[in-house]
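Some notes on the structure that comes next.
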Amino acid sequence: MVAEAAAQRHKLAWRPERWGPACIAEGKREIFISPLCYMNESGVVVRKFLQRLKKKPEDIFVIVDDVSLPLGKLRLRPAGSSGGHRGLRSIASAIGTEAFGRLRCGIGPLPQGIDLADFVLGRFRDDEQPLLQAMIERAVDAFECCQEFGIAVAMSRFNA
Numbered sequence: 014m015v016a017e018a019a020a021q022r023h024k025l026a027w028r029p030e031r032w033g034p035a036c037i038a039e040g041k042r043e044i045f046i047s048p049l050c051y052m053n054e055s056g057v058v059v060r061k062f063l064q065r066l067k068k069k070p071e072d073i074f075v076i077v078d079d080v081s082l083p084l085g086k087l088r089l090r091p092a093g094s095s096g097g098h099r100g101l102r103s104i105a106s107a108i109g110t111e112a113f114g115r116l117r118c119g120i121g122p123l124p125q126g127i128d129l130a131d132f133v134l135g136r137f138r139d140d141e142q143p144l145l146q147a148m149i150e151r152a153v154d155a156f157e158c159c160q161e162f163g164i165a166v167a168m169s170r171f172n173a
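According to the numbering used here, the stretch in the sequence shown is residues 14 to 173, in order.
What follows is the structure in structure tokens.
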């Protein structure tokens, strides 16, 4: 949702990509990639992207949802462990490092007795929509702040 909102803000169109199961939206300074696979399989897509464009892991910025953060909370990091997030683990394993920027977008907490996959692939309740939309806008702002001022400045502004 965040990548889609960022691409829309920058007036970029999505298109299928030939080199892997993904859609991309290409701008002047950025390329948004939306893997068309489960997040825990997205490392292969990211690795192919890095190889195709001859980029280094530190050139990427990954945006993920995170059930360990409450709905609406953002957490930026310049690098670090997966913290149990299967998508981040897949990417780190595929590219051989955890040294890439990431933005975790809170969608939690995971309700007791609900399957993780069902929860993250499910729909948000109507009463959650305002908080969700505000978080998406803030996440795009955080991404743009990282681009313009660097991740340290963005962390001080958006990690509350």
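Beta carbons are placed, not taken as given, at the ideal position from N, Cα and C, and that holds for glycine. The model shown is predicted, which means the values in this text are computed figures rather than measured ones.
*Is the region 101–114 close to the region 124–134, with three or more CB pairs under 8 Å?*
no
*Below 8 Å between beta carbons: does that hold for A155 and F137?*
Mapped onto the sequence shown, residue 155 falls at position 142. Mapped onto the sequence shown, residue 137 falls at position 124. Not closer than 8 Å, so no.
*D2 - DSSP class collapsed to helix/strand/coil*: Nothing can be reported for residue 2, as the shown portion of the chain is limited to 14 through 173.
*Can you give me the start and stop residues for the beta strand (DSSP E) that P70 sits inside?*
Taking the sequence shown and counting its residues from 1, one reaches residue 70 at position 57. Note, P70: premise wrong, no beta strand (DSSP E); not H, not E.
*Any chance the region 67–75 sits against the region 19–39, with 3 or more Cβ pairs inside 8 Å?*
no
*asked:* So, for G121: in the same chain, excluding its five sequence neighbours on each side, which residues have a beta-carbon less than 8 Å away from its beta-carbon?
replied: Here residue 121 is taken as the residue at index 108 of the sequence shown, counted from 1. Excluding residues within five positions, the ones whose Cβ falls inside 8 Å are D79, V80, S81, L82, P83 and L84.
*Given that a residue counts as buried once 16 or more other Cβ atoms are within 10 Å of its Cβ, and exposed if not, what is S94?*
In the sequence shown, counting from the first residue as 1, residue 94 sits at position 81. Classification for S94: exposed.
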